[in-house]
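Residue numbers (our numbering), protein chains in the order written: chain A, 16 to 642; chain B, 11 to 399.
In this text, a Cβ means the ideal position worked out from N, Cα and C, and glycines have one as well.
The structure appears right after this line, and notes come after that.
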């Protein structure tokens with residue numbers, strides 16, 4: 016079925032604003048306002064009117080079709096001849112905003128376009144199709160929706176297997192390479208054999224290796240934090256830099272918001288994103304919802320999202336992960352720059368502009384800037400306090416330190432701002448890696464690209480429930496393990512590409528973190544045993560230097576990590592949390608529980624996405640949707 | 011929109027990082043070495059004139075007598091202060107090696123002191139004269155070459171105090187790290203540093219802008235905590251190790267300072283005696299007195315820092331963990347430079363010049379009266395023909 020509106024009787028060439036006023040769709044005052052905005056941003060008048068909600072998209076394009084002297088086609092009720100799409104590139108169609116609809120009896124093709132149907136455009140499209148074309152007008156939304164439906168399989172395939180096809184070794188689809196599997200088995204066998212033959216000697220060697228590893232890892236983190244603390248007031252982007260940006264020069268920015276079963280927070284999302292200080296007509300917000308998530312979809316529609324928000328249905332298929340949804344969003348994104356936010360995020364209003372300034376200053380190799388993350392419900396309970404302690408030191412000291420030392424930065428879950436083209440070149444996110452963000456940061460480094468940080472913060476909801484925390488953390492730790500295994504498949508090549516320092520930094524940070532958590536319980540147990548059996552018995556089994564390393568780990572290591580988290584919350588001016596840093600050893604035990612769960616899942620369910628529930632906070636000040 | 015994440019503007023901090031003196035790391039090390047060379051030479055001369063210093067020798071003996079790599083860690087009870095003992099174990103050359111290490115430390119201390127003075131908009135000539143008022147005194151030479159442990163401690167305290175000021179007034183957490191870690195390391199060099207860490211933490215409660223808001227009170231408590239934590243953690247950790255491996259929580263502290271908490275003559279008598287002896291030492295530090303007066307005129311609450319500092323020295327002597335007389339004199343001189351206010355007026359600079367001249371004159375003229383150890387040591391050097399009469 017084709018629904019093509021009759022062509023207008025006479026060619027109308029009035030400007031869009033005048034035509035809309037003539038039809039009673041716009042007032043003079045509204046037009047004046049929109050023209051004022053246009054003077055500042057340089058955007059199209061239609062985009063401004065649509066994004067401001069003054070005129071419906073459909074009305075704008077109907078009027079445009081008249082002014083173009085071109086029939087209008089409603090693609091929501093029009094069948095598209097899919098045989099015409101066979102050799103076409105969906106991304107090109109989305110970028111150029113056209114799609115072939117049907118073959119006509121005269122041998123030409125009816126093509127829907129959301130851009131002015133000029134002769135040159137018709138010729139270009141005809142050249143692509145190899146057939147004469149007849150252009151009809153439609154909305155940009157219709158075209159993107161039609162592309163999403165018609166190319167669903169191709170988009171899903173690219174989102175799921177694109178990276179794997181391009182570079183098998185950079186995908187976590189396969190957990191262990193054959194060499195890694197052989198090495199892992201050999202290590203397990205040799206260790207078991209050693210313990211059978213010489214249990215005490217093996218224990219001593221193992222504890223020494225663990226102790227030295229622990230100490231090196233802690234010292235590394237402490238040094239990075241100290242370097243990061245130097246940049247406390249050295250603002251990479253100042254308020255003046257942001258004020259100096261002209262709206263006229265701002266590019267189209269895409270915001271990806273993947274959400275799954277988050278009906279309870281999706282309403283607040285609209286309010287949070289509406290606070291962003293960025294021209295709405297230069298924003299493209301893609302709300303990425305899974306096909307089976309009717310509840311969130313209903314909540315999103317009920318929230319009456321502005322015209323800048325497009326609800327994208329992620330085609331069903333395994334793995335059902337956030338990175339796969341993001342890849343679908345990446346496929347459709349039109350923005351020159353792109354950022355990811357979670358549904359409950361509250362970015363600082365000028366964050367997009369801060370990211371643009373950072374990109375403008377950096378060279379082309381900088382593919383991403385990471386904003387800091389922190390929590391708006393820090394004071395809710397012990398867990399949210401500890402979470403805040405951890406994030407404060409991580410995002411305020413560690414990441415700036417890693418950037419300053421030019422070490423690989425594992426990206427945080429949200430507020431990663433990308434150059435869209437560069438992200439596509441990198442292959443997007445790995446849908447099989449459950450910390451796709453960290454993996455992407457490391458992959459960038461491995462491919463010679465860089466990641467920076469900006470002193471702007473996104474406030475999130477800290478996990479306030481212990482079960483939820485373990486689930487979330489087990490996913491993160493499993494992801495770190497996956498990332499380590501992926502990037503250590505070719506260690507020699509990694510060293511050759513990135514150098515020794517970056518490789519060691521990556522190994523200590525991404526590989527060392529899960530290992531540390533795995534070793535915490537045995538070390539605590541060993542400590543408890545030594546407390547029970549007495550120092551003389553300990554001395555019989557452990558040489559002095561091993562004891563020294565263990566003692567250094569116990570006292571210096573713990574004190575260092577407690578101290579940096581203390582100072583992190585001090586810097587964040589969360590003064591009442593400073594003493595909570597002393598509870599870190601117990602918090603690390605929670606991580607250890609999650610680490611063992613992660614290890615088990617890496618073996619039995621490597622790509623399973625442990626869903627973190629959001630909207631659990633009872634902090635009414637923190638939850639705008641609560642009374 | 012302001013938020014907890016919005017960074018503060020702190021030009022002083024940026025200057026701290028950007029206006030290093032000298033500009034490059036390489037030239038800074040050249041300056042440090044150049045300053046250190048005469049002190050290293052002096053250490054060598056002193057050794058030739060009177061043999062190794064008793065303090066350095068004792069430290070070296072203590073370090074070499076410990077069985078560091080043995081499985082039995084009972085020796086921990088004999089191993090306080092661990093930092094200087096480890097250094098004594100690691101540096102080659104025994105007591106003489108420690109004297110040279112002390113000489114090398116002078117280069118770092120002098121360079122950092124001049125750098126901090128320059129950052130306070132004090133002209134280089136004045137900064138050099140003020141620093142020379144401390145560094146060109148017999149007490150300074152004596153401590154640097156004869157008591158490595160004390161010199162390392164006072165150098166760390168100087169660094170910690172500089173960090174503390176920046177942390178308190180500019181809220182730079184990097185400086186907070188420097189202050190806390192500096193105090194912590196100093197505590198692991200000498201128990202006498204602990205009262206300074208405590209006083210530093212207390213100073214953050216009293217000496218800071220904006221006094222009233224509840225949030226400010228929370229901030230000050232938190233600031234005190236982060237300043238004190240490394241020292242507290244270090245001491246608690248060491249006490250735990252002692253208890254675990256020797257059965258006593260305090261044995262090594264008591265060995266390091268046998269008069270710890272003994273209060274000879276009674277608590278109040280020993281307090282009066284400590285206060286009196288420190289008052290006597292203050293005669294050697296007119297620059298500190300002038301600095302306290304200048305601070306009092308500029309911002310009365312800040313002069314508490316000077317008083318707290320002197321209070322710490324008294325507390326050290328009172329509780330029985332004292333620095334030696336020469337160390338106190340050097341410490342008072344160094345701290346005076348750390349605490350000097352910014353942008354001195356011409357009249358204030360003139361007063362300081364007079365005080366520097368007075369300080370140097372007293373340092374030489376008053377040796378016999380106030381610092382007999384230093385006087386003897388100087389005599390030995392001169393008698394040996396190593397120093398001009």
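- Counting only the Cα atoms, residue 103(B) lies some 42 Å from residue 526(A).
- The C-beta distance from residue 128(B) to residue 137(B) rounds to 6 Å, short enough to fall under 8 Å.
- Less than 8 Å separates the beta-carbon of residue 74(B) from that of residue 99(B).
- At a cut-off of 8 Å between C-beta atoms, residue 232(B) counts as an interface residue with respect to chain A.
- If you draw a straight line from the Cα of residue 608(A) to the Cα of residue 122(B), it comes to about 47 Å.
- Less than 8 Å separates the beta-carbon of residue 301(A) from that of residue 347(A).
- At least one C-beta of chain B is nearer than 8 Å to the C-beta of residue 574(A).
- Contact check for residue 474(A) against residue 398(A) fails: the beta carbons are separated by 8 Å or more.
- Taking a Cβ-Cβ threshold of 8 Å, none of the residues of chain A is close to residue 33(B); the smallest such distance is about 17 Å.
- Of all alpha-carbon atoms in 287(B), 50(B), 301(B), the one lying nearest the alpha-carbon of residue 347(B) is that of 301(B).
- At least one CB of chain B lies nearer than 8 Å to the CB of residue 248(A).
- Sequence-distant partners of residue 306(B) (beyond 5 residues in either direction) whose C-beta falls short of 7 Å from its own C-beta, in its chain, are 313.
- DSSP places residue 154(A) in the coil class of the three-state scheme, outside both helix and strand.
- The beta carbon of residue 233(A) does not come within 8 Å of any beta carbon belonging to chain B, so the residue lies off that interface.
- Per the C-alpha coordinates, the member of 181(B), 49(B), 92(B) positioned closest to residue 563(A) is 92(B).
- Contacts with chain B at 8 Å (Cβ-Cβ) do not include residue 214(A).
- Against chain B, the CB of residue 585(A) has a partner CB under 8 Å away; the residue lies at that interface.
- About 19 Å separates the beta carbon of residue 529(A) from that of residue 573(A), a gap too long to meet the 8 Å contact definition.
- Spanning the alpha carbons of residue 40(B) and residue 107(B) requires a straight line of approximately 21 Å.
- Fewer than three Cβ pairs drawn from the stretch 452 to 462 of chain A and the stretch 551 to 562 of chain A lie within less than 8 Å of each other, which leaves the two stretches out of contact.
- Within chain B, the residues whose beta carbon sits less than 7 Å from that of residue 594(A) are 235, listed in sequence order.
- Per DSSP, residue 607(A) is one residue of the alpha helix (DSSP H) stretching across 599 to 619.
- At least one CB of chain B lies nearer than 8 Å to the CB of residue 241(A).
- Within the stretch 148 to 167 of chain A, no residue has a Cβ lying closer than 8 Å to any Cβ of chain B.
- Taking C-beta atoms under 8 Å as the contact rule, residue 116(A) and residue 125(A) qualify, at a distance of about 5 Å.
- Judged by DSSP secondary structure, residue 539(A) falls within the alpha helix (DSSP H) whose first and last residues are 527 to 548.
- The stretch 583 to 598 of chain A makes contact with the stretch 406 to 420 of chain A: 3 or more CB pairs, one atom from each, lie closer than 8 Å.
- Nearest CB-CB separation between residue 75(B) and chain A: not below the 8 Å threshold.
- Interface flag for residue 184(B) against chain A is set, since a Cβ pair is found closer than 8 Å.
- Distances from the alpha-carbon of residue 55(A) to those of 265(A), 244(A), 147(A) put 265(A) closest.
- Distance from the Cα of residue 172(B) is smallest, within the candidate group 188(B), 268(B), 97(B), for 188(B).
- Secondary structure at residue 415(A): helix, using DSSP grouped into helix, strand and coil.
- Under the three-state reduction of DSSP output, residue 92(B) falls in the helix class.
- In the three-state DSSP reduction, residue 132(B) falls in the coil class, being neither helix nor strand.
- In this structure, DSSP gives residue 113(B) a helical state, which the three-state scheme calls helix.
- For residue 273(A), the enclosing beta strand (DSSP E) has its first and last residue at 268 to 274.
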